[in-house]
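Enquirer: In the order they appear, the protein sequences are chains G and W. Position one of the first sequence corresponds to residue 3 (my numbering), numbered consecutively onward. Position one of the second sequence corresponds to residue 1150 (my numbering), numbered consecutively onward. Ideal placement from N, C-alpha and C gives every residue a C-beta, glycine not left out.
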Amino acid sequence: MNAIIVSAVWGVIMMFCSFLVKNRGSYRHIAAFGLLTLLVANILNVKGILLFDIDDHNMLHFSNFGLYFNSIAIFSTLVYVLLTGKEMEKYGKYAAEYFTLIFFVLCGVSVLSAYNNMLMLFIGIEILSIPLYILTGSDKKNLKSNEAALKYFLMGAFSTGLMLMGIALMYGGTGSFQLEIVRAAGKANGTVLSFLEVTGLLFLFVSMAFKVSAAPFHFWTPDVYDGAPTVFTSFMATVVKAAGFIAFIKLCEVRMVETGLDIDKTFGVNWQLLFAILIIATLLVGNITAVFQQSVKRMLAYSSIAQAGFMLFALFSLNDLAKEGILVYSVAYSLATIGIFAVLVKMKDFTFEGFNGLAKKQPVLAAACTIFLLSLAGIPLTAGFFAKYYMLASVIKTGSYTWLVIIAVLFAAVSVYYYFRVIQAMYFKDGEASTEEITPSFKTGLVLLSALIILVGVMPSLVLNYFYF
Amino acid sequence: MIPVLLIVIPLITGLATFFVNNGRGAKMWSLLASIITLAVAAVALFTDSAEQLTCDAAWLPALGAKFSLSMDGMSKMLCLLTAVAFPLVFGATYKNTYNKPGSFYALMLLMQAGLMGVFVSSDALLFYFFWELALIPAYFLCSTWGGEKRIQVTFKFFIYTFVGSLLLLVGILYIHFKTPDASFALQSFYHVKLTAAQQYFVFWLFFIAFAIKMPIFPFHTWQPDTYEQSPTAVTMILSGVMVKMGLYGVIRWVLPIFPAAVLKFDQLIIVLSVIGMLYASLIAIRQDDIKRLIAYSSIAHIGLMCAAIFSSQQIGMQGVMIQMFNHGINVIGLWIVADAIEQQLGTRKFSELGGLAQRAPGLATLLVVMILANIALPLTNAFTGEFLMFNGLFRYSIWMAFIAGISIILAAVYSLNMVQKIFYGRTMPATEYANDASSNIKFVLALLVIVILVLGVYPQPVINLTQDSVQAVLAK
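#1: Helix, strand or coil, according to DSSP, for G/ALA216 in the structure here?
#2: From the DSSP output, read off the bridge partner residues of G/GLN180.
#3: Let me see if you follow: with CB-CB separation under 8 Å, is G/TYR419 close to chain W or not?
#4: Output yes if chain W places a C-beta closer than 8 Å to the C-beta of G/SER463; else output no.
#5: Between W/GLY1465 and W/GLY1541, how many whole angstroms is the CB-CB distance? I'm expecting something under 8 Å.
#6: What do you reckon, are the CB atoms on G/SER385 and G/SER377 nearer than 8 Å?
#7: So, are the CB atoms of G/PHE101 and G/ALA33 less than 8 Å apart?
#8: Kindly list the residues whose CB is nearer than 7 Å to the CB of G/MET122, restricted to its own chain and excluding five residues on each side of it in sequence; keep chain order.
#9: Taking 8 Å as the CB-CB limit, is G/VAL458 close to chain W?
#10: State the DSSP-derived secondary structure class of W/PHE1279, mapped to helix, strand or coil.
#11: State the beta-bridge partners of G/LYS92 as determined by DSSP.
#12: Hey, which unbroken runs of the alpha helix (DSSP H) at 4 residues or more fall wholly within the stretch 1390-1426 of chain W?
#13: Less than 8 Å between the beta carbons of W/PRO1610 and W/THR1533, yes or no?
#14: Assuming W/ASP1205 is part of the beta strand (DSSP E), what are its boundary residues?
#15: From W/VAL1593 to G/LEU317, what distance separates their C-alpha atoms?
#16: From G/ASP266 to G/SER402, what does the alpha carbon distance come to, in whole angstroms?
#17: Any Cβ of chain W within less than 8 Å of the Cβ of G/GLY422?
#18: Closer than 8 Å by C-beta to G/ILE129: which residues in its own chain qualify, once you throw out the five before and the five after it? Chain order, please.
#19: Closer than 8 Å by beta-carbon distance: list the chain G residues that pair up with W/VAL1319, in chain order.
#20: Which residues mark the beginning and the end of the beta strand (DSSP E) in which G/SER336 is found?
#21: Can you tell me whether G/LEU302 is buried or exposed? The criterion is at least 16 other CB atoms within 10 Å of its CB, across all chains shown.
#22: If you follow the beta strand (DSSP E) that W/PHE1216 is part of, which residue opens it and which one closes it?
#23: Is any beta-carbon of chain W found at less than 8 Å from that of G/PRO382?
#24: Is the separation between the beta-carbon of W/VAL1392 and that of W/MET1363 shorter than 8 Å?
#25: What is the rounded straight-line gap between the Cα of W/ALA1444 and the Cα of W/PRO1373?
#26: Could you give the DSSP three-state label for W/ALA1433: helix, strand or coil?
#27: On a Cα-Cα basis, can you pick out the residue from W/GLY1163, W/LEU1412, W/SER1446 that is closest to W/LEU1559?
#28: What does G/GLN426 reach in chain W if we use C-beta pairs closer than 8 Å?
#29: Which partner residues does W/ASP1272 have in the DSSP bridge list?
#30: Determine, for W/GLU1297, whether the minimum Cβ-Cβ distance to residues of chain G falls below 8 Å.
#31: Could you give the DSSP three-state label for G/THR86: helix, strand or coil?
#32: Could you run through the stretch 1200-1234 of chain W and flag, in chain order, every residue whose CB is less than 9 Å away from some CB of chain G?
#33: Under 9 Å Cβ-Cβ, which residues of chain W neighbour G/TYR429?
#34: Compute the Euclidean distance between the alpha carbons of G/GLY142 and W/MET1257, then round it to the nearest angstrom.
#35: By the DSSP assignment, the alpha helix (DSSP H) with G/TYR421 in it spans what residues?
#36: Expressed to the nearest angstrom, what Euclidean distance is found between the alpha-carbon atoms of G/MET461 and G/ALA308?
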């Protein structure tokens, strides 16, 4: 509860800052301070200290899993604001509003990580999405940014519509929005679900697949990520995407694991096979299309689809390793992606050629970038390895579907191809990579971030011990 | 304690070398570091106390992985090879200059740390970590300092081996969940109970990773290009030490964990190895480039070792142990000669060389000994190894041994052909004003020749050292 209220309050404070504080440069410092207090408030919640006591009628349930995810999301946002906050001031007149919107997104994230009622799921998704539509279109003079915002809004509205229909059908089938009642209805009926429930679940499934950009519902992703100002793409591709997965896994868990029924037959639909198809399609589309991109930004957009394919494994296997794994994956993927986008923002040319010879001109930038890319590719000694490790292990632990893992690792090898193209451009090709001015504090930030990624990669127990619940 | 030092010394000194900008300083520093490592590896040979040779520390208790290292005879022998190889390589290429020398030597030492780790790990996840740690510096070394086509060629090498390692990871995870105590320890892996069908499946996940590394036909296609395009100092390590990772992996992990699968697939793998031997030898005959010739000859030698491993005879396995060490020594010697010729004359093509023996008699003499060792003439070190391996293969199948034996004749053909074209005959424009090799190269080669002759006459130390490993493996 702490995170929901504090983030909303900070959103309002930032709104007032936009006309009370005249110095544009100070907004990001205020926002960073706000995020720090938000992080503290959330950790207090983990420790059982509640700053607010509001009766939520059991519509929200604050499990440790959700609260840990909040901490990850808030921490990643803090890193993001510290590294790239300055860039946000370049777009439009009212820079403080961007921070306002980011705080509202975090409010939505906190609702999603705690929902216990399908209406709260809907509200959380909406609080999360609407600020993002605005952020996408924040570069008002740029046609591509406008197009991306409109596209995102239409697709988002469409998928939210599907979600509402799904929720309504589920309500028709079970008579409640509460997750535990829906779950109990499943148990009472044995293995056969009503037609309404199956249809409702399918609608929910499709709309969530939209939100996490799983193929074949991914078509908005590359255009939106490419069209949005690069700073905001970074935020969308990391915190927001991970939050979508948390919401999705909570939804899946309700119907599949806790009912304790045979997953394959629970609904008369083979859900695992459905997920397997979704995973293969997502990995295929993301990886193969990323190979052919000429722009690093667009490559990263497709690679984020490919990464989503790996995160889907958590929904597929749904065991203890999967839940830990999705948290580790969120940390590893968010930090590396924020880092690589922070470097990308500083580049003048987003094509692969634009990176040629970066290692000579900016050795620190290139070295940090290499570590981020190695982490995304899942090479050992970086955090990304343990992220992939957990996802693969969670599936192998189920004892079947080893073929799915083998397909996944083959695609992981494909991903090495496009991530390493950037490394090759930076180190082994000659060229005049031109960047914006790089401040020493930015370099220090990158070095610290890469050190963190390696630390998690060598001693994940530092982070993992914190997760055990 | 000793295995930790073997990993930590190159690791720390390597990381420090990144900050050395002065070429001479970087060379001196890394040569010194590699000699210290060699001293530690030599101490390991004469240590029998289990306390000194093992290390068991907590690493990832949540995942069941430990930082556990241990050394038996095979590990000692391969660590010694790794430790010997680096000072030799640094010494022989002392006069070469590199762009950004600090990074070059730093990556070399990191690679050494990875190789050492592979040979001493007794925890599967740790083994996997070091397996990758050895690969990544190699990628950067070859791509930065290699020949003209280095970027594409090295990338092919990297993707190839990376696919292999990912399959290995899947295999490790699969076994991990089958162990009763959910651990990655080597001993738990040895005691895991798998059905025959499971063994047949997971065997290939492991074996493909190792087969790519060795490389075994038909996974060898990355190898000649990579050896040709890499800077020669790196090629020496790749072919002298890194291919042993694959052989070591098979002996340490595949044979004891999947005995049923080994019995089922041994014939297939021996046939593939023998095909590879003949195929590589035939291609080697047609080569006009020293580096490519050595690369193909290396495939042929590795093929024989792989065939001998899968023949599951004690005598053959003993031969493999000896030959792993000897092949490392011999092939590094050949690469040193190739590098000396290329550095001085600027070409590696036989057609542009000739009559070099008149100009460089010292180099010629040393090379001839190397070549004789390469074709396993009696009194050279390779003879014992090959003899034992053929003996093992012969006990497995007469026909296989017969067909594989053809490769000995072919080896003589391409090796002597190379000597003849480079060193004898008429001098060519390129060799007209050549000088003899510089003293550091001759010194290193002379050391190698001594090792070749000593082990050729008296190979018993290596046999004694690795006896325990051979028996442990075959007992499974």
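Expert: Per the coordinate set shown:
#1: coil
#2: G/ASN119
#3: yes
#4: yes
#5: 2 Å
#6: Strictly speaking, residue 385 of chain G in this sequence is Ala, with Ser absent from that position. Contact: yes.
#7: yes
#8: MET61, LEU62, VAL113
#9: no
#10: helix
#11: BP columns for G/LYS92 are empty, so no partner.
#12: 1392-1398
#13: no
#14: 1203-1209
#15: 59 Å
#16: Reliability fails at G/ASP266, whose pLDDT of 42 lies under 50, so the model's placement of it is uncertain and the value that follows must be treated cautiously. Their backbone Cα atoms lie some 13 Å apart in a straight line.
#17: A quick correction: the sequence has Phe, not Gly, at residue 422 of chain G. It does: the Cβ of G/PHE422 has a partner Cβ on chain W nearer than 8 Å.
#18: PHE106, VAL107, CYS109, GLY110, VAL113
#19: LEU394, ILE398, THR404, VAL407, ILE408, VAL411
#20: That residue, G/SER336, is in no beta strand (DSSP E); its alpha helix (DSSP H) goes 322-348.
#21: buried
#22: 1214-1219
#23: yes
#24: yes
#25: 5 Å
#26: helix
#27: W/SER1446
#28: SER1292, ILE1300, PHE1304
#29: W/ALA1334
#30: no
#31: helix
#32: ALA1207, TRP1208, LEU1209, PRO1210, ALA1211, LEU1212
#33: PHE1289, SER1292, THR1293
#34: Checking the sequence, you will find Lys at residue 142 of chain G rather than Gly. Answer to the nearest angstrom: the Cα atoms are 51 Å apart.
#35: 404-430
#36: 26 Å
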